[in-house]
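Heads up, the thing below is written out as structure tokens.
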Amino acid sequence: MASQARPLRMLFFPLMAPGHMLPALDMAKLFAARGAEVSIITTPANAAAAELSLAAHPSIRLLVLPFPSVAGTALPAGCENVSSLPSPDIESAFLAALSALEPSFDALLRSLLPDCVVTDMFLPWTCDAAERLGVPRLVFYGSNFFSQCAERSLRLHGTMESLPPDAASFVVPGLPHRIEMLATQMPSYETSDPAFAELFRSITEADAKTYGALMNSFYELEPDYVRHYRDVLRRRAWHVGPLSLCNKNAAEKSNRGTNASSHHHHRHEAYSKWLDARTPGSVVYVSFGSISFFSAAELREIALGLEASGRAFVWVVRNEHHEDWLPEGYEERNEGRGLIVRGWAPQILILNHASVGAFLTHCGWNSCLEGVAAGLPLVTWPLSADQFYNERLMVDVLGVGVAVGAKKYSMKPEERPVVAAEKIASAVGEVMGGGAEAEERGAKARELAAAAKRAVEEGGSSYNDVGSLIEELMAKRNAIAT
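When we follow this note's numbering, the leftmost residue of the sequence shown carries the number 106, and every step to the right adds one.
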């Protein structure tokens with residue numbers, strides 16, 4: 106009877122990458138708020154940011170495992186997060202190094218004996234350790250139902266393997282909507298990188314044994330694809346998002362994604378003051394996430410495109426150590442109209458500021474969903490990962506986005522064509538200009554924002570899915586105990 110009375114015991118193990126770790130931390134807060142006993146695994150270099158994110162949630166335990174030795178690998182010492190990698194070329198070495206954590210993870214599982222584990226898709230070996238102990242493993246993809254449906258449909262139908270070599274585009278088969286994509290927008294790593302090919306084989310094998318998936322999404326955003334994933338693909342999943350909405354106060358929103366609260370607090374005050382002086386809905390916010398690499402030529406075209414758009418902008422630039430791309434006199438010419446932020450910015454607070462009217466994004470899923478939750482139309486510029494799928498969801502299915510015209514999947518700037526300033530200016534103008542289409546796009550974005558907020562409130566679709574999962578896992582635990 107004692108086991109039936111105690112809270113659900115959950116162990117989270119997120120991938121050390123901002124796009125995976127931030128929503129996983131939010132998810133941990135969400136389940137803790139619903140009464141679960143939550144622990145989170147990370148490594149020393151990631152602990153400070155996690156502690157800051159969890160400062161208002163003292164019941165959540167942070168468990169720090171030593172990062173594996175990188176001796177004899179391509180990984181530089183001290184690189185414990187994808188965002189700290191000096192080049193996308195060594196991402197596979199980073200993921201391979203993480204697999205050396207399996208013995209430590211196994212020992213932790215045996216000592217904690219959680220009722221379930223929630224681990225990242227890129228940590229497939231955690232499934233084996235959980236299976237050995239009979240602990241249900243829930244996978245976190247960091248993506249949405251649409252992209253999962255599209256990717257699985259392509260695999261199921263062997264679309265890419267059967268595509269003629271000269272084919273420019275194709276239609277993703279078997280989906281509720283007609284989704285057309287370019288062949289160049291698909292990844293080639295499964296054929297060009299043996300390490301990644303092996304990793305994805307392991308991910309597929311782990312998926313077949315996992316208890317189900319947790320999705321940072323909500324039913325009203327993609328109902329056709331929630332049903333398709335569950336009923337057609339026969340996959341178990343719970344929608345629990347938008348996870349960013351679990352951050353209720355300004356401090357949590359401001360500190361999300363950083364480990365230096367006092368320094369960034371002063372910077373946020375400066376951004377807020379700048380935005381406060383702008384007309385409502387007049388500013389385009391520009392950010393390409395924390396792990397995107399751009400060449401000087403690409404950055405220059407972005408700068409010129411934003412200038413040519415005639416719109417006020419806040420532009421977050423990760424490559425702050427490369428200044429040769431900035432056109433001469435650019436910041437002087439755009440003083441008062443453009444604000445360039447070098448490094449990091451409090452994205453959720455900026456997106457929700459009244460003066461921001463659009464979001465130019467790389468289509469990382471967290472960014473897309475944060476834009477949706479803020480009620481903003483998007484200018485889409487995908488680079489890699491699931492971003493081209495996300496673009497199609499935003500543009501073709503939901504009708505809240507305009508594409509700049511990115512055609513090549515690659516994290517490496519030298520492998521993709523430079524998007525011209527004229528295309529950037531045109532897409533920004535289309536989203537932020539007047540006219541019936543822009544009005545309709547904005548209205549749809551606002552409707553989705555209202556639906557997102559309802560989804561996480563008591564009685565909402567995501568609130569109910571979280572509750573049903575907790576009940577199911579507790580019933581499973583109690584059945585084993587009796």
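Cβ coordinates follow ideal geometry from the N, Cα and C atoms, glycine included.
For residue i, the three-state DSSP class (helix, strand or coil)
i              : result
serine 366     : Residue confidence is low: serine 366 scores 48 on pLDDT, short of 50, so the model does not pin down where it sits. No coordinate-derived value is stated.
leucine 287    : strand
histidine 333  : helix
isoleucine 145 : strand
arginine 546   : helix
tyrosine 390   : strand
methionine 115 : strand
methionine 132 : helix
glycine 124    : helix
methionine 320 : strand
threonine 315  : coil
arginine 242   : strand
methionine 516 : coil
tryptophan 430 : coil
alanine 110    : helix
aspartate 298  : coil
glycine 96     : Residue 96 lies beyond the range of the chain shown here (106 to 587); nothing can be said about it.
Residue range of the unbroken alpha helix (DSSP H) whose run includes residue i
i                 : result
histidine 282     : Histidine 282 -> no alpha helix (DSSP H), and no H or E assigned at all.
phenylalanine 172 : Looking at the DSSP string, phenylalanine 172 is not in any alpha helix (DSSP H), and its letter there is neither H nor E.
glycine 572       : 566 to 586
isoleucine 445    : Here isoleucine 445 belongs to no alpha helix (DSSP H); instead the beta strand (DSSP E) covers 443 to 447.
histidine 344     : Segment 342 to 344 is the beta strand (DSSP E) holding histidine 344; no alpha helix (DSSP H) there.
arginine 215      : 207 to 217
glutamate 535     : 526 to 537
serine 414        : 401 to 414
threonine 231     : 230 to 237
arginine 339      : Arginine 339 -> no alpha helix (DSSP H), and no H or E assigned at all.
glycine 476       : 470 to 478
First and last residue of the uninterrupted beta strand (DSSP E) at residue i
i                 : result
cysteine 74       : The requested residue 74 does not occur in the structure, where the chain is confined to residues 106 to 587.
serine 274        : 274 to 276
phenylalanine 464 : 461 to 466
glycine 506       : 506 to 508
tryptophan 420    : 417 to 422
threonine 485     : 483 to 485
Sub-8 Å separation of residue i and residue j beta-carbons
i              : j                 : result
leucine 228    : leucine 120       : yes
valine 169     : alanine 152       : yes
leucine 206    : proline 173       : yes
leucine 180    : alanine 150       : no
isoleucine 445 : glutamate 433     : no
glutamate 185  : threonine 148     : yes
serine 248     : valine 277        : no
alanine 543    : alanine 413       : no
asparagine 439 : tryptophan 470    : no
tyrosine 324   : serine 566        : yes
tyrosine 390   : leucine 348       : no
valine 222     : phenylalanine 118 : yes
arginine 447   : valine 422        : yes
glycine 443    : leucine 411       : yes
aspartate 220  : methionine 286    : no
proline 518    : glutamate 374     : no
methionine 579 : leucine 217       : no
serine 460     : valine 388        : yes
valine 524     : alanine 463       : no
methionine 516 : leucine 498       : no
tryptophan 486 : leucine 465       : yes
glutamate 562  : tyrosine 568      : yes
Same chain, Cβ closer than 6 Å to residue i, neighbours up to 5 away in sequence not counted
i              : result
alanine 532    : Val484, Val507 and Val509
leucine 409    : Ala526
histidine 282  : Val502
glutamine 290  : Phe493 and Tyr514
histidine 458  : Leu380
histidine 125  : Pro119, Asp225 and Gly247
isoleucine 308 : Met226 and Pro229
alanine 110    : none
alanine 300    : Ser197
glutamate 142  : Pro112 and Arg114
7 Å CB neighbourhood of residue i in its chain, flanking five on each side removed
i             : result
glutamate 196 : Val187 and Leu190
leucine 167   : Ile145, Thr147, Ala152, Ala155, Glu156 and Leu159
cysteine 254  : Leu280, Tyr330, His333, Tyr334 and Leu338
Cβ-heavy atom distance, residue i to the ligand MG, below 7 Å
i           : result
glycine 124 : Inclusion of the ligand MG in the displayed structure is not the case, the ligand content being empty and no account of it being possible.
Contacting residues, own chain, Cβ-Cβ under 8 Å from residue i (five flanking each side not counted)
i              : result
methionine 106 : Only weak support is given to the placement of methionine 106: the predicted model assigns it a pLDDT of 47, under 50, and the value that follows is read from those uncertain coordinates. Correct list: empty, nothing qualifies.
glutamate 545  : Gly504
Discussion item. Below 8 Å, how does it come out for the segment 130 to 145 and the segment 345 to 354: are there three or more Cβ pairs, yes or no?
Written reply: yes
Practice prompt. For the segment 312 to 320 and the segment 341 to 350, state whether three or more C-beta atom pairs, one from each stretch, are separated by less than 8 Å.
Written response: yes
Fill in: Segment contact flag, the segment 469 to 488 with the segment 261 to 274, C-beta cutoff 8 Å, min 3 pairs
no
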